[in-house]
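Each residue of the sequence shown is one higher than the last, beginning at 181 in the working numbering.
No residue lacks a Cβ here, since even glycine has one placed at the ideal position from N, Cα and C.
Heads up: the structure comes next, in structure tokens.
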Amino acid sequence: MTSLLGKLGLKKRHNKFISGTAFAVAGVALVAGAIIYPGFKTTEVELNDGGVWVVSKSKNAVGRLNYPSRVLDGAVTPASTTFDILQDAGNVFVDDNAGSTLNQVSPANMRLGGDKKLPGSADVNFGADVIAVTDHANGKVWALSPSTLSGFDEENTEPVLTGSAGTVSAVGADDRIYSADPESGAVTVTEVDVNGVVVSTDSSTWGELKGAGDLQITVVGDKPVVLDAAAGKLFLPGGKRLQLEGARDAKLQQGGPAGDFVAISTPKALLKQPLDGSTAKTVGFDGEGVPAAPVQLGGCVHAAWSGANKYVRDCVNDADDKNVDVPKASASPSYVFRVNRDLVVLNDVNSGNVWLVNQNMQLVNNWDDVIPPQQTSEDADKDSADEVQQTVLPDRTKPNSAPVANPDTFGVRAGKTTILPVLDNDTDPDGDILTVRSPDPLKSGLLAPIYGATGFQVSVGADRAGAETFKYTVDDGRGLSASADVTLNIVPPGENSAPRQKPNRNTTLVVQTGKNVTQNILTDWIDPDGDDLFVVGAVSSDPRDQVKVRPDGLLSFQDAGTEAARKTVTVTVSDGRSSAEGKVTVDVRAPGALPPIANADHLVAVAGVDTVIAPLKNDSDPQGGALRLAQVTADGNSTATMGADQQTFTFNSTAEGAHYVTYL
Numbered sequence: 181m182t183s184l185l186g187k188l189g190l191k192k193r194h195n196k197f198i199s200g201t202a203f204a205v206a207g208v209a210l211v212a213g214a215i216i217y218p219g220f221k222t223t224e225v226e227l228n229d230g231g232v233w234v235v236s237k238s239k240n241a242v243g244r245l246n247y248p249s250r251v252l253d254g255a256v257t258p259a260s261t262t263f264d265i266l267q268d269a270g271n272v273f274v275d276d277n278a279g280s281t282l283n284q285v286s287p288a289n290m291r292l293g294g295d296k297k298l299p300g301s302a303d304v305n306f307g308a309d310v311i312a313v314t315d316h317a318n319g320k321v322w323a324l325s326p327s328t329l330s331g332f333d334e335e336n337t338e339p340v341l342t343g344s345a346g347t348v349s350a351v352g353a354d355d356r357i358y359s360a361d362p363e364s365g366a367v368t369v370t371e372v373d374v375n376g377v378v379v380s381t382d383s384s385t386w387g388e389l390k391g392a393g394d395l396q397i398t399v400v401g402d403k404p405v406v407l408d409a410a411a412g413k414l415f416l417p418g419g420k421r422l423q424l425e426g427a428r429d430a431k432l433q434q435g436g437p438a439g440d441f442v443a444i445s446t447p448k449a450l451l452k453q454p455l456d457g458s459t460a461k462t463v464g465f466d467g468e469g470v471p472a473a474p475v476q477l478g479g480c481v482h483a484a485w486s487g488a489n490k491y492v493r494d495c496v497n498d499a500d501d502k503n504v505d506v507p508k509a510s511a512s513p514s515y516v517f518r519v520n521r522d523l524v525v526l527n528d529v530n531s532g533n534v535w536l537v538n539q540n541m542q543l544v545n546n547w548d549d550v551i552p553p554q555q556t557s558e559d560a561d562k563d564s565a566d567e568v569q570q571t572v573l574p575d576r577t578k579p580n581s582a583p584v585a586n587p588d589t590f591g592v593r594a595g596k597t598t599i600l601p602v603l604d605n606d607t608d609p610d611g612d613i614l615t616v617r618s619p620d621p622l623k624s625g626l627l628a629p630i631y632g633a634t635g636f637q638v639s640v641g642a643d644r645a646g647a648e649t650f651k652y653t654v655d656d657g658r659g660l661s662a663s664a665d666v667t668l669n670i671v672p673p674g675e676n677s678a679p680r681q682k683p684n685r686n687t688t689l690v691v692q693t694g695k696n697v698t699q700n701i702l703t704d705w706i707d708p709d710g711d712d713l714f715v716v717g718a719v720s721s722d723p724r725d726q727v728k729v730r731p732d733g734l735l736s737f738q739d740a741g742t743e744a745a746r747k748t749v750t751v752t753v754s755d756g757r758s759s760a761e762g763k764v765t766v767d768v769r770a771p772g773a774l775p776p777i778a779n780a781d782h783l784v785a786v787a788g789v790d791t792v793i794a795p796l797k798n799d800s801d802p803q804g805g806a807l808r809l810a811q812v813t814a815d816g817n818s819t820a821t822m823g824a825d826q827q828t829f830t831f832n833s834t835a836e837g838a839h840y841v842t843y844l
């Protein structure tokens, strides 16, 4: 979290949590990145695990429904809140609209792979072995496969089709790509091989399609159907156009097996339109709602509407028909049918509710079983074996408590400038960000706040000697403060003490097996004389690891990838005259067990002026990924707009004072 427009400071708080059980890093900063929880332990994963993947945006998670057991048995968490899933058998992908990325899920390990960047306006459609990526803005269509996805590059990968703006595509059950171009009226069928290379192309012009608006496309077997919902125009195979009434918000069915009709859901009814253009069958319900894209499967059509909270099933066998209320619907549902193999369920992507539509609408929502609750401080302190930093979000509903300031003693050199990290041993019971206020001028030198008033630096005159004590004040930004003494001992040139690690500051790096982590370690060291420090060496306890270190303290650790273990890096720090060794613990964890690490930020901005903030610079991902912003939430008196690069946001407020901005 970032505090702005007030002279607030940065104070990190640390909690502990058990490895593999933390769902999110909550607190002064919420981190971006993929956080993974393995769910229930299994001894073996079958080729057909009976799984259907579903979404819960309220939990920021994608979960696997174990259909035979009728429970969720695992989950992964994407890096944004605007995501959906694509699935066929054991191939599962998270399609992140905010980041324009595609990320493959490993069902066996219950973890996410690496992000693959897509064009900003890309739509993704998945068959069995073919992934169609369509850039809606320029009409380009690329063909990929699960095995070639990692090699995709927008600039260098050759598209299989270049149409005009507004082109839409879908992958049929035959793994061919069906595309419709509203400018030319061309409908193109593209067959590709396993490497995405074009094998054949068949294009025809549907005259009535020219000049159409925003299109939807689906494939019934190998028959493409196109809908211009705003105009109420339905284009059947071959280009025959039909006019639909009340179709402004209609949804075409999801792609499905061969049949003699296409299903369309309007706000008031389910339409089963024969592909030959003959009269459609209408299945109504009481009310009006927002339709989900219907599904044809196993001789039945499934349809649902949020708002009205209705579910309709219309089957070849009339005895299997249903027209019922969706039980225990949430307050603001958004329905999507999830289909995998021969299974279909209804998913409210907002709440995460899942209904087994072929099992009497049985509700499944055991997300808490696969996403564990956050540890409390009391619970976390019981287990210190696996410790990582967790920043705690202040509870603003409780009365504010004053910070606690503790006395400090620092050595300083005459004629030099020394940093005084006075907040290292100060705390705030509410988790507020602390800043310092300067005292009256010192006799021995010039004292000034630095780093956004989160510390001091003092410049001592060359002729000064002895000691001086001054009182400083810490401020929580909400009207309460505390004071403590700082004693400066001016060290003569002939005296010197070796550097040392700060008390109670055990440097710990967390990294996934085989990955790299980088962190500055000098922030956990201090020199008793106030001398400048630099790192002169670093060696891992495992010679197979690669360790690099810069004099300014930036340490890079590349794990050898052999096993999960706790390792020790011995670092040597010098003040130019004496050196000392210290230990850095590297906690190497198995894949899927690591949340990203958040660090709070404090900045000062000018009221009414846009300020661009890059909060991720001091955050890290132990899994070696690149962090990006998924969401930014300002308080009620400010605005925060995320940048297109998902690395920065722009803050503005006309209200002077402290503001807290939460980012995910």
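Output the distance between the C-alpha atoms of residue i and residue j, rounded to the nearest integer angstrom.
i           : j           : result
residue 752 : residue 726 : 16 angstroms
residue 261 : residue 683 : 40 angstroms
residue 730 : residue 715 : 7 angstroms
residue 813 : residue 746 : 37 angstroms
residue 453 : residue 798 : 56 angstroms
residue 181 : residue 418 : Unreliable positioning characterises residue 181 in this predicted model, as indicated by a pLDDT of 36, which lies under 50. The coordinate reading is nonetheless provided below. Residue 181 and residue 418: Cα-Cα distance of roughly 56 angstroms.
residue 276 : residue 669 : 56 angstroms
residue 708 : residue 732 : 18 angstroms
residue 354 : residue 365 : 23 angstroms
residue 434 : residue 289 : 29 angstroms
residue 776 : residue 259 : 10 angstroms
residue 380 : residue 342 : 15 angstroms
residue 274 : residue 294 : 11 angstroms
residue 541 : residue 513 : 16 angstroms
residue 807 : residue 796 : 7 angstroms
residue 331 : residue 832 : 40 angstroms
Let's see if you can read the secondary structure: which residues bound the alpha helix (DSSP H) around residue i?
i           : result
residue 547 : 547-550
What are the start and end residues of the beta strand (DSSP E) that includes residue i?
i           : result
residue 491 : 490-495
residue 454 : 449-454
residue 358 : 357-360
residue 416 : Segment: none, residue 416 is in no beta strand (DSSP E) and carries neither H nor E.
residue 523 : 523-528
residue 246 : 241-246
residue 811 : Residue 811 -> no beta strand (DSSP E), and no H or E assigned at all.
residue 514 : Taken as a continuous stretch (DSSP letters only), residue 514 belongs to no beta strand (DSSP E), as it is neither H nor E.
residue 237 : Neither: residue 237 is in no beta strand (DSSP E) and is coded neither H nor E.
residue 486 : 480-486
residue 397 : 396-400
residue 502 : 502-505
Among the residues of its own chain, which have a CB less than 6 angstroms from the CB of residue i, if the five just before and after it don't count?
i           : result
residue 518 : 232, 234, 525, 527
residue 385 : 365, 366
residue 818 : 833, 839
residue 639 : 597, 625, 626
residue 506 : 489, 491
Please decide whether residue i counts as near chain D, where near means a Cβ-Cβ distance under 8 angstroms.
i           : result
residue 346 : Included in the structure is just one protein chain, with no chain D present.
Nearest by alpha-carbon distance to residue i: which of the options is it?
i           : options            : result
residue 591 : 478, 712, 720      : 712
residue 508 : 489, 516, 500      : 489
residue 533 : 241, 347, 617, 621 : 241
residue 827 : 283, 843, 836      : 843
residue 839 : 738, 688, 657      : 657
residue 740 : 693, 699, 780, 529 : 693
residue 654 : 688, 627, 602      : 602
residue 319 : 330, 349, 310      : 349
residue 550 : 253, 651, 387      : 253
residue 447 : 412, 511, 455      : 412
residue 409 : 312, 787, 421, 395 : 395
residue 766 : 758, 399, 695      : 695
residue 478 : 439, 360, 449, 679 : 439
residue 462 : 480, 443, 421      : 443
Under 7 angstroms from any heavy atom of the ligand FMN, does the C-beta of residue i make it?
i           : result
residue 783 : As for the ligand FMN, it is missing from this structure, which has no ligand bound.
Cutting at 7 angstroms between CB atoms, please list the residues of its own chain near residue i, excluding the five before and the five after it.
i           : result
residue 186 : Caution is warranted here: a pLDDT of 33 is assigned to residue 186, below 50, making its placement in the model unreliable, and no coordinate value can be reported.
residue 297 : 280, 281
residue 681 : 704, 705, 762
Go through its chain and collect everything with a Cβ distance to residue i's Cβ below 8 angstroms, but skip five positions before and after it.
i           : result
residue 581 : 608, 609, 610, 660
residue 630 : 599, 636, 637
If you scan the segment 569-656 from start to end, which runs of the beta strand (DSSP E) of 3 or more residues do you find wholly inside it? 588-593, 597-600, 615-617, 625-630, 635-640, 646-655
Segments assigned beta strand (DSSP E), at least 3 residues, entirely inside the segment 701-760: 714-720, 726-729, 734-738, 745-754
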